[in-house]
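Order-wise, the sequence lines are chains E and Z. Count the first sequence with the working numbering and you get residues 230 to 679, in order. Count the second sequence with the working numbering and you get residues -19 to 364, in order. Even glycine gets a Cβ: it sits at the ideal position worked out from N, Cα and C.
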Amino acid sequence: MFENLTDRLEGVFKRLRGHGILTEENIQEAMGEVRMALLEADVNFKVAKDFVATVTRKAVGQEVAQSLAPGQQVIKVVHEELVALLGGNTELIRLDGRQPVTIMMAGLQGSGKTTTSGKLAKMLRDKGRRPYLVPADIYRPAAIEQLRILGERLDIPVHPSTGETKPVDICRQALAVAETKNYDTLIIDTAGRLHVDEALMNELKEIQSAIHLSEVLFVADAMTGQDAVTVADKFNQDLEITGVILTKMEGDARGGAALSIKNVTGKPIKFVGMGEGLDALEIFHPDRAASRILGMGDVLTLIEKAEAVVDQKKADKLAQKLKKSQFSLEDFLEQIQQIKKMGSLQQILGMIPGINKLKQLKDAPQPDEKELVKTEAIICSMTLKERRNHQIISSGRRQRIADGSGTTVMDVNRVLKSYTAMLKMMKKMRGKPGLVSGMKRRKLPKGLRK
Amino acid sequence: MLGWFKKKFTKKEAPTLPIQDLPADQPSLEETHIPETPSAREQPPERHDQKDSPVTEGPVTAKPVPDSTSMFKRLSERLAKTRDSLIYRMDTLFLGKKVIDTELLDDLEELLITADLGVTTTTELLDHARRRVKRKELSDPALLKEVLKEKIRSFITDSTRPAELVMPESGPFVIMVIGVNGVGKTTTIGKIAHKFLSSGQSVMLVAADTFRAAAVAQLQIWGERNNIKVVSHKDGADPSSVVYDALATAKAENYDVVLVDTAGRLHTQTNLIEELRKIKRVMGKQLPGAPHEVMLVIDATTGQNGISQAKLFNEAVEVTGITLTKLDGTAKGGIVANICRDLKIPIRFIGIGEQLEDLRDFDPDEFIEALFQKKADDSTQPAA
């Protein structure tokens, strides 16, 4: 997410840093470019205008001119304002108060409400809640069926709605079921609707007045253009939304909607959808997003992701093995699988500070997802004996492994070669205390992540 | 407006005309006034109305005169009230203006950017205008509007491909529908099917979205609504094999039109784009020349990302036409002007609702007129 915006802004700031002293004109000019970059990223026209005006006022007014690194100072102002624009503090979903908690999803057609309902249910279940999915989209063909299938895949109960029941009645019935069956979190998936369709907007209002809603989440597509603000504003006026979920952020959308919606509605972005997988929902952190936009990376999220997939005991065991140079091909395979669990290589790399500059280099190595899959297939095609002792892998065995994994002997050789190179490196590191000491458990910030 | 049917239909239409008029209980507006000859169909009288009075005739303000043939008629009846409160016409910008000044150009900039036309294109358009003003070629604000419209029009209509669908001489006409998630591919297919059916063609649907939960079921319901055959395998099947089998059936059973629904995918997911390539290849194997149309569906609310979508899809499977959906909201879909301009691909249809008949042929003039409407953000009353 945000990559394109990041590229544009980095160009502007690079020029700013080049100046020893910043005149007002320098700043004005740079801010003109920032405005262009924001507009290209679909930030709302008015929001972009106000943003640039604020930053300019602060940058020109402050002691930027006297500062030793005036360029840096301007970037700091931009960063602060970006965080403010994106909503300041991380806002979590409210699960306290009246039980069962009821969460209603609302938004335009095709914004991803149903898929997000499934993802949210999974996230909350993993956190120890007992979610109940309530399909209330009686209009789109097979929408109820879609949520039912998602529930089945996730092993989360779904209310048996029918297309003949009014959505408000579905919600009432579901609430009654939840109370008898002791479900503590209702997630209501409503039909996609246009903000200008008064009849359908009234339907949501009806639900809102019929049952107590803890959260009304507005689901918006990250690729939305200037209209995002109009739509969000209308939903907010009609329904008093409590938060926003931005979907499809894994693409190359520049995320301007993210920057505008909070500003216009005053309601925080709570989650972002990062893929079609049912665990691809993340808590939105405004400060981290701002850092990412400015090309500063997002190490915190990277660490959290690693912690989420790495089993601490396994990691300790691995560290022991590394110390004794007993790193087998089996361990190698495990490592690969963990990396894959963290998300795509592109996503992981995107979180590393400065990586953006590296990407601009001509011959920068492109992360190759396929290479990872290939290596995995090759190791999987080895016998346990081979995995534990690579030295027994003769040329005959190599041919067999290549055939079994659908690769060539050359590929097998390459995997073995990089594995032996790794072993050698580990031997060198041995005896230097502190270099390989396993992953230290870091205290997690308060959040939904386990 | 139904000109794209002409190639094949002129032959076919004559005998089926009486039957065809009966089942069309909710015929698209053009058809209600069709004079007998197909050639007259292409230039229905209503288009002249719009050209004569571009100022009063338009999506939002279309009066509920029974004879009104604006493509937004049905829509305007349903949504006019709310939309009117959100939108007022650009003419208010020009109201009382005698000269072109900075303020007017600034307002125009906001209007064009807000319509998702993009900052680069907007700057280019306004620079063009500024230059002409400077050279004293242009001083009348009303003329300025026309100049801008003409320029945008040239972007949209300058495509290297025929603007109308051309059906093959023989065998089924295969349309492959692609796009990112949630743009309305399946709904569009249901509506396109209806369009072909009401002109007497036999249509088959192919459920090649085997990924998303219940996508097959969704298409099947559209098949039921149209009362036509839907070819599908199980959820999770290889979409290419579905398509391969479906085209074999279409050939054997002599279907006129085959509509293939693919899974929504982001243009940046290389493996899924690769899958799309494969689907296209497989079609060509089963039926040389297929797909005859690769239709990219773009959501009108899409911002600048639309260009990236169109480019990457085009690189992968060579897009031949665009359908712009969800134009019944407040979004203008200005991004398609950039897409058409960059890739020279024509826009075929627009989607304006969820009903079977809510698909219209694209009309550049009406589209541009709608672009030049502005959100009401001050006390200005909408020009009713």
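Under DSSP, residue 500 of chain E forms a beta bridge with E:474, E:512. Linking residue 318 of chain E to residue 495 of chain E through their CA atoms gives a straight-line distance of about 13 Å. In the DSSP annotation of this structure, residue 191 of chain Z is not part of any beta strand (DSSP E), being labelled neither H nor E. Among the CB atoms of chain Z, none fall inside 9 Å of the CB of residue 388 of chain E.
Here the alpha carbon of residue 361 of chain E sits roughly 9 Å from the alpha carbon of residue 406 of chain E. Counting every other CB atom within 10 Å of its CB across the protein chains shown gives residue 632 of chain E a total below 16, marking it as exposed. Here residue 646 of chain E is exposed, its C-beta having fewer than 16 other C-beta atoms within 10 Å. Take residue 269 of chain E, set aside five residues on each side of it, and no residue of its chain has a beta-carbon closer than 6 Å to its own. From the listed residues Z:295, Z:287, Z:275, Z:230, the smallest Cα separation to residue 151 of chain Z is found for Z:230. Chain-order list of chain E residues neighbouring residue 315 of chain Z: 454, by C-beta distance under 8 Å. In the structure shown, residue 356 of chain E adopts coil according to DSSP, grouped into three states. The beta-carbon of residue 459 of chain E is placed less than 9 Å from the nearest beta-carbon of chain Z. For residue 361 of chain E, the three-state secondary structure derived from DSSP is strand.
Nearest C-alpha to residue 640 of chain E among E:258, E:599, E:657, E:378: E:599. The beta carbons of residue 208 of chain Z and residue 185 of chain Z sit about 6 Å from each other, so the pair counts as a contact at 8 Å. Under DSSP, residue 267 of chain Z forms no beta bridge with any residue.
Close to chain Z, meaning a Cβ-Cβ distance shorter than 9 Å, are the following residues of the stretch 352 to 379 of chain E: 368, 369, 370, 371, 372, 373, 374, 375, 376, 377, 378, 379. CA-CA distance, residue 372 of chain E to residue 657 of chain E, rounds to 58 Å.
By the Cβ neighbour-count rule, residue 612 of chain E is exposed, with fewer than 16 other Cβ atoms within 10 Å of its own.
Proximity to residue 481 of chain E across Z:113, Z:261, Z:285, Z:183 peaks at Z:285, based on C-alpha coordinates.
Going by C-alpha positions, residue 206 of chain Z is about 12 Å away from residue 181 of chain Z. Residue 385 of chain E sits in coil when the DSSP states are folded into three classes, being neither helix nor strand. About 20 Å separates the beta carbons of residue 197 of chain Z and residue 259 of chain Z, which is beyond the 8 Å limit, so they are not a contact pair. Rounded to whole angstroms, the separation of the alpha carbons of residue 602 of chain E and residue 217 of chain Z is 22 Å. Contact fails between the stretch 317 to 337 of chain Z and the stretch 121 to 130 of chain Z, because fewer than three Cβ pairs, one in each stretch, are under 8 Å apart.
Straight across, the Cα-Cα distance linking residue 478 of chain E with residue 352 of chain Z is about 30 Å. One finds 370, 371 in chain E with Cβ atoms closer than 8 Å to the Cβ of residue 201 of chain Z, taken in chain order. The C-beta of residue 633 of chain E comes no closer than 9 Å to any C-beta of chain Z.
For residue 627 of chain E and residue 505 of chain E, the gap between their C-alpha atoms comes out near 37 Å. Taking 9 Å as the cut-off, the Cβ atoms of residue 400 of chain E and residue 350 of chain E do not count as close.
For residue 328 of chain Z, the enclosing beta strand (DSSP E) starts and ends at 327 to 331. When the beta-carbon positions are compared, residue 237 of chain Z and residue 290 of chain Z stay at least 9 Å from each other.
Interface criterion not met: the Cβ of residue 333 of chain E is under 9 Å from no Cβ in chain Z. Contact of residue 247 of chain Z with chain E is assigned, a C-beta pair being separated by under 9 Å. Using a Cβ-Cβ cut-off of 9 Å, residue 288 of chain Z counts as an interface residue toward chain E, since at least one Cβ of chain E sits closer than that to its own. Residue 375 of chain E carries a helical assignment under DSSP once its states are collapsed to helix, strand and coil.
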